[in-house]
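Visitor: Start counting the sequence shown at 80; every next residue gets the next number (the numbering used here).
Glycine included, each C-beta is placed from N, C-alpha and C at the ideal position.
Remember, predicted model here, so these are calculated numbers, not experimental data.
Quick one: the structure is below, and I'll ask about it shortly.
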Amino acid sequence: MSTVPQDSGEIVRRLAAPLAEGRVWVKLVAVLLIANGVLTALSIVGLLIAWLPIWMGVVLFQSSNAIDEAHAGGDEAAMIRAQQRLRTFFTISGVMVLVLLALWLLAMVFGFGGMMIGGGMGMHGF
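In structure tokens:
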């Protein structure tokens, strides 16, 4: 039979441990996303979408800080805050991927349609 700690702080520390071990990578991805957003903002078109990677990076950084708090102090509220930030990050990522896939599909449909129309015009002497 395994021993189950009775102290809620110890439980939170144990639950936060796997995330705390990977916090360096979480912070690295957060910094890279923010840098990507800043570089994207340097172009005119990029200004429209640059806020997304910056927002995602900030949310990940907040999650990492909350993970540190939860792991170091056994803070249940910090653990919940970390999980909420991770949920927000993955929600934004999922929506972005769906939008990009939809845009890619539209580009394929219009590209194929344009190719068909363009090919047909060439055959009729236009």
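On the premise that isoleucine 146 lies in contact with arginine 102, defined as a C-beta separation below 8 angstroms, what is that separation, rounded to the nearest angstrom?
Guide: Rounded, the Cβ-Cβ distance is 5 angstroms, consistent with contact.
Visitor: Do valine 110 and glycine 152 have their beta-carbon atoms positioned less than 8 angstroms apart in this structure?
Guide: Not a contact, by the Cβ cut-off of 8 angstroms.
Visitor: Using 8 angstroms for Cβ pairs, my map puts alanine 149 next to valine 91. What's the rounded Cβ distance?
Guide: Their Cβ separation, rounded to whole angstroms, is 6 angstroms, which keeps alanine 149 and valine 91 in contact under 8 angstroms.
Visitor: Can you give the Cα-Cα distance for phenylalanine 140 and isoleucine 113, rounded to whole angstroms?
Guide: Going by the C-alpha atoms only, they are around 10 angstroms apart.
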